[in-house]
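S.K.:
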Amino acid sequence: MSLHLPPKSFRDSYQWRGGSLDVAAAPRPRRSLPFGRDGRVHPSRAPYEFYPTPPEATRALLSVETFDGTIWEPACGLGHISKVLVDAGYDVVSTDLIERGYGQGGVDFLRESAPRARHVVTNPPYGRGLGDAFALQALTFAAETGGSVAMLLNLASLCHPTRHHFWVKHPPAVIYGLDELVCWPEGRPELARSTTATHRYCWVVWKPAHEGEGWPTFRWLSCGEFPSP
Ligand SMILES: C[S@@+](CC[C@H](N)C(=O)[O-])C[C@H]1O[C@@H](n2cnc3c(N)ncnc32)[C@H](O)[C@@H]1O
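Going by my numbering, the sequence shown runs without a break in its numbering and finishes at 292.
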């Protein structure tokens, strides 16, 4: 199968500075990760973009989606998504750039050259184009494995001038709009900025069988229906 992805040289370059994802063709020099000495991409952001996912979001996803085979959570943080997947019976490979005591630390997903599992499920880092680079990398691996990709993304990222061509070229199979979800910086509400709780999220799911099938289905999911036991 082919997902008509940009060449690897593009994915290696990361798109930190905006620029349309459709200018993929031109190979660019490899850039380093965009984190400063304090681990932040911006003073207002959490170090290493660590915004853990409340478990109800993943439970909501699993109420409507199944994954046949192993799953890679490549930005696992403290395992907020991985633990829900494991509890649901999935075989999960958990890695992260940062060693936090869950999964394998020191693994830069964007420098990985081969898939570690069939599917990718994650809430990626967003800032400075990291989310875009994660999506492209995950789609590349899924094209190799025949697997699916599920990413928790900011709803606003679906309608953004630099991403228009990306979405049109790589339409997901389903988008699930989530009603109530807050991913606090470092999981600590006291660190929230004034805008933190105003973000709205969606699960974006790409499936191999959907390739060439046209536009995504949009559905609504209520996290409140999946409270912690
Ligand atoms: C938004 S947090 C989400 C954490 C976890 N997926 C969850 O949902 O709770 C993003 C995570 O991406 C990790 N990260 C940032 N850059 C990364 C990279 N290049 N490769 C792998 N992980 C990275 C951060 O350490 C952080 O744990």
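Here a beta-carbon is modelled for each residue, glycine too, at the ideal position from N, C-alpha and C.
Once DSSP output is grouped into helix, strand and coil, what is the label at residue 278?
M.R.: Position 215 of the sequence shown, counted from the first residue, corresponds to residue 278. Three-state DSSP puts residue 278 in coil, outside helix and strand.
S.K.: Determine, using beta carbons only, whether residue 136 and residue 213 come nearer to each other than 8 angstroms.
M.R.: Sequence index remark: in the sequence shown, residue 136 carries index 73 (1-based). Sequence index remark: in the sequence shown, residue 213 carries index 150 (1-based). Result no, Cβ atoms of residue 136 and residue 213 do not sit closer than 8 angstroms.
S.K.: Consult DSSP for residue 311 and reduce its assignment to one of helix, strand or coil.
M.R.: Because the chain here runs from 64 to 292, residue 311 falls outside it and cannot be looked at.
S.K.: If you count every other CB in all the chains shown that lies within 10 Å of the CB of residue 222, and 16 or more means buried, which is it?
M.R.: The residue you call residue 222 lines up with position 159 of the sequence shown. It is exposed - the Cβ of residue 222 has fewer than 16 other Cβ atoms within 10 Å.
S.K.: In terms of alpha-carbon separation, which member of 247, 102 and 283 lies closest to residue 161?
M.R.: Translated into positions along the sequence shown, residue 161 becomes position 98. Checking every option, the nearest Cα to that of residue 161 belongs to 102.
S.K.: Just tell me which of 159, 178 and 177 has its CA closest to the CA of residue 169.
M.R.: Walking along the sequence shown from the start, residue 169 turns up at place 106. Cα-wise, what sits closest to residue 169 is 159.
S.K.: Under 8 angstroms between the Cβ atoms of residue 269 and residue 176?
M.R.: As a position in the sequence shown, residue 269 is number 206, starting the count at 1. As a position in the sequence shown, residue 176 is number 113, starting the count at 1. Cβ atoms of residue 269 and residue 176: not closer than 8 angstroms.
S.K.: To which residues does DSSP link residue 175 through a beta bridge?
M.R.: Locating residue 175 in the sequence shown gives position 112, counting from the first residue. The partner list for residue 175 (beta bridge, DSSP) is empty, contrary to what the question assumes.
S.K.: For residue 208, which residues from the same chain have a beta carbon less than 6 angstroms from its beta carbon, with the 5 sequence-adjacent residues on both sides left out?
M.R.: Here residue 208 refers to the residue found at position 145 of the sequence shown. For residue 208, where only same-chain residues beyond five positions count, the Cβ hits under 6 angstroms are 178 and 181.
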